[in-house]
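Novice: Take 282 as the starting number for the sequence shown in our numbering and just add one per residue. Glycine included, every Cβ here is placed at the ideal spot set by N, Cα and C. Pasting a structure below so you can have a look.
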Amino acid sequence: GLPDGYTQKGTQIYQPEAFFFTKNATTVRNLHSIARRFIPTISQASVSLMAFAGFAICLLLWEQVRLARPAIWSPRQHFFYWQLVLLIILLAGPMTWIMNLIWLLPLTLALLAEVQRPLSSRQSRYLALTLFAILITALPDIHTFPLLLPINAAWLRWQYIVAELLLFGALLLYWGEREVGGGMPKIV
């Protein structure tokens with residue numbers, strides 16, 4: 282195989298991009314390399330479809346268990362639900378560039394607004410975890426800006442996947458958290 286970022290036309294090998302953007306903001310590339318050990322002919326599209334199904338089932342099961350499908354959702358519940366859907370697209374898309382993480386900007390602003398709401402201690406922990414995941418995505422890209430992060434942290438090669446998975450789990454917990462009186466907290 283060719284090194285990452287290179288392509289072959291006929292007998293010529295070349296690098297088609299002048300400015301390298303990290304393409305590893307999706308779980309599919311890693312899952313595909315694992316799946317090829319067992320099924321050598323499996324395509325990235327098939328792995329992507331399985332990842333979409335897995336994340337969607339996870340979201341639907343969580344919705345059934347934690348939210349008991351309220352008849353009417355608040356605007357806040359709808360917003361966090363659709364942010365989870367966008368995260369599923371980022372995580373399960375066959376190719377997600379780190380530039381797509383701009384989708385998390387509205388979520389960041391909403392989470393910062395949530396800090397001002399009265400929260401239970403568990404909600405506060407979940408909110409802190411979601412904000413920590415957002416912070417991980419905000420770290421400079423180790424591939425593009427290696428001098429901004431002089432530490433040799435191997436996990437930073439996986440920073441976007443780690444952050445997205447952490448954000449998915451934390452946001453799922455925060456979205457599904459009920460108040461003591463039952464139901465989701467209302468927007469004040």
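1. Quick test of your reading: Leu371 and Phe336, contact by CB under 8 Å. State the CB separation rounded to the nearest angstrom.
2. Might you give, ordered along the chain, the residues of its own chain that have their beta carbon closer than 6 Å to the beta carbon of Gly374, omitting 5 neighbours on each side?
3. Rounded C-beta distance between Ile415 and Leu392? I'm assuming under 8 Å.
4. By alpha-carbon positions, which one of Trp439, Arg403 and Leu453 ends up nearest to Val309?
5. Please name the residue, chosen from Asn311, Arg403 and Glu344, that lies closest to Met376 on a Cα-to-Cα basis.
6. By the DSSP assignment, the beta strand (DSSP E) with Gln289 in it spans what residues?
7. In this structure, does DSSP put Ile417 in helix, strand or coil?
8. Distance, Cα to Cα, Cys339 vs Val346?
9. Pick helix, strand or coil for Gln325, following the three-state DSSP scheme.
10. Evaluate Ala394 with the Cβ neighbour count: other Cβ atoms within 10 Å of its Cβ, from every protein chain shown; 16 or more gives buried, anything less gives exposed.
11. Please state the DSSP three-state secondary structure of Gln358.
12. Using the three-state DSSP reduction, which class does Gln364 fall into: helix, strand or coil?
13. Are Tyr407 and Tyr362 closer than 8 Å when you measure CB to CB?
14. If you drop the 5 nearest sequence neighbours on each side, which residues of the same chain put their C-beta closer than 7 Å to that of Gln364?
15. With DSSP as the reference, please indicate the residues paired to Ile294 in a beta bridge.
16. Between Trp384 and the rest of its own chain, which residues show a CB-CB distance below 6 Å, the 5 nearest in sequence each way excluded?
17. Shorter than 8 Å from the beta carbon of Leu412 to some beta carbon of chain B?
Specialist: By the coordinates alone:
1. That pair is no contact at about 10 Å.
2. Thr307
3. 7 Å
4. Trp439
5. Asn311
6. Thr288 to Lys290
7. helix
8. 11 Å
9. helix
10. exposed
11. helix
12. helix
13. no
14. Leu388 and Leu452
15. Gln289
16. Leu367
17. Absence of chain B from the displayed structure is noted, only one protein chain being present.
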